[in-house]
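Residue numbers for the sequence shown, in my numbering: 83 to 328.
A virtual CB, placed ideally from N, CA and C, is assigned to each residue, including glycine.
As the structure is a prediction and not an experimental result, all values here were calculated from the model.
One structure below.
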Amino acid sequence: MSYLFCVYTVVFFMDNSTRLQYLEAMGVDVWVPREQGIIEVERKQAVDENVSDESPAHNSVSTNIGWNELERQVVECKKCILSESRKQVVLGEGDKNADWMLVGEAPNHEEDIAGKPFVAQSGFLLTEMLRAIGIQRNEAYITNIIKCSPPDNKDPKVDELKSCDGYLKAQIALVKPKIILAVGRVAAHAILETKKPISELRGIVHSLNDIPVIVVYHPAYLLRTLLEKRKAWQDLQLALKIYQEK
Ligand code: URA
């Protein structure tokens, strides 16, 4: 059996089986010492990611505005129908001067209530994915391409993507990250303006205004479908390498 991607989790994870499960889902081979030796956590199968392949055009939010103005515009936004059903706008969370910017798809029902991105199950995995490469969640800036929750967690529509496009650009201009992780296919399509399958987008260093962009599988996909978990770990390793070389 290969030890190539083994992560020894005794110190950090033995007291928390949930974390262990998340790392398993991510594809990090987790070896847990027991009294009589070590066991490899079982792997499971995956199915395809069920997310939209629509890609947005641009809207016209100035990239020169400050955080206060951006927050005001987003809170007051009525550019698409999602403004009618949202409980609150989910602009983003984390270090506004972060080196790492993570961009997911859209807030779900829990995040609509919390007003924060990635707070539910996939958020826990995302947090563990970051931790696995030595980054605390609050050291990163986390946002989505869509700032309002689509009802019933539906895939964002083209006009919804268009309406939010400028907000993300403004956020990127403000945070000035050293690296962007496009989390999942929908985010990757929007950020890179492509419709290529994620299998062709991952494993490559893309660029957005000279900022390296790495495409990673969405944690919700990894939780549902575990076939690609080793690739997810490889993508994180690639992101870390690119970041360290910058
Ligand atoms: N929650 C988010 O904030 N973004 C996603 O892409 C999924 C869940």
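Going by DSSP, what residues sit across from residue i in a beta bridge?
i: Ala31; result: For the chain, the structure presents residues 83 to 328; residue 31 sits outside this window and is missing.
According to DSSP, is residue i helix, strand or coil?
i: Gly205; result: helix
i: Gly176; result: strand
i: Pro233; result: helix
i: Gly216; result: coil
i: Glu193; result: helix
i: Ile120; result: Note that Ile120 has pLDDT 22, beneath the 50 cutoff, so the model's placement of it is unreliable and the number below is only indicative. Three-state result, Ile120: strand.
i: Glu310; result: coil
i: Asp317; result: helix
i: Gln326; result: helix
i: Ser281; result: helix
i: Glu275; result: coil
Would residue i and residue j qualify as a contact pair, given that the criterion is a beta-carbon distance under 8 Å?
i: Met211; j: Pro259; result: no
i: Val295; j: Arg284; result: no
i: Leu256; j: Ile273; result: no
i: Asp181; j: Tyr303; result: no
i: Val268; j: Ile293; result: no
i: Ala188; j: Ser231; result: yes
i: Arg168; j: Asp194; result: yes
i: Gly186; j: Phe200; result: yes
i: Leu305; j: Gln203; result: yes
i: Val172; j: Lys198; result: yes
i: Ala321; j: Ile261; result: yes
Which residue marks the beginning of the beta strand (DSSP E) containing residue i, and which one marks its end?
i: Ser331; result: Residue coverage of the chain in this structure runs from 83 to 328, which leaves residue 331 outside it and unanswerable.
i: Ile224; result: Tyr223 to Asn226
Determine the extent of the alpha helix (DSSP H) in which residue i is found, giving its start and end residues.
i: Asn150; result: Trp149 to Glu158
i: Glu48; result: The chain is shown only over 83 to 328; residue 48 falls outside these bounds and no answer can be derived.
i: Ser165; result: Leu164 to Ser167
Report yes or no: is there a C-beta of chain D within less than 8 Å of the C-beta of residue i?
i: Lys251; result: Absent here is chain D; the protein component of the structure consists of one chain.
To the nearest angstrom, how far is the alpha carbon of residue i from that of residue j?
i: Pro301; j: Gly248; result: 25 Å
i: Gln170; j: Gln218; result: 26 Å
i: Pro138; j: Val240; result: Residue placement at Pro138 cannot be trusted, given a pLDDT of 41 that sits under 50; the coordinates are not used to answer.
i: Tyr299; j: Lys251; result: 22 Å
i: Glu242; j: Ile224; result: 19 Å
i: Thr145; j: Gln253; result: 8 Å
i: Gly176; j: Asn220; result: 5 Å
i: Ala196; j: Ser281; result: 32 Å
i: Gly216; j: Lys328; result: 17 Å
i: Lys244; j: Arg213; result: 32 Å
i: Gly174; j: Asn190; result: 13 Å
i: Leu208; j: Glu310; result: 15 Å
i: Cys162; j: Asn150; result: 21 Å
i: Glu276; j: Val287; result: The sequence as given places Thr at residue 276; Glu does not occur at that position. Their Cα atoms are separated by approximately 14 Å.
i: Lys236; j: Lys278; result: 21 Å
i: Ala270; j: Ile147; result: 25 Å
i: Ser142; j: Cys246; result: 9 Å
i: Leu164; j: Gly266; result: 21 Å
i: Thr307; j: Lys178; result: 32 Å
i: Leu152; j: Cys159; result: 10 Å
i: Pro233; j: Glu166; result: 10 Å
Does the beta-carbon of residue i, which I'm using as the reference point, lie nearer than 7 Å to any heavy atom of the ligand SAH?
i: Pro233; result: Annotation note on the ligand SAH: not contained in the displayed structure, which lists the ligand URA as its ligands.
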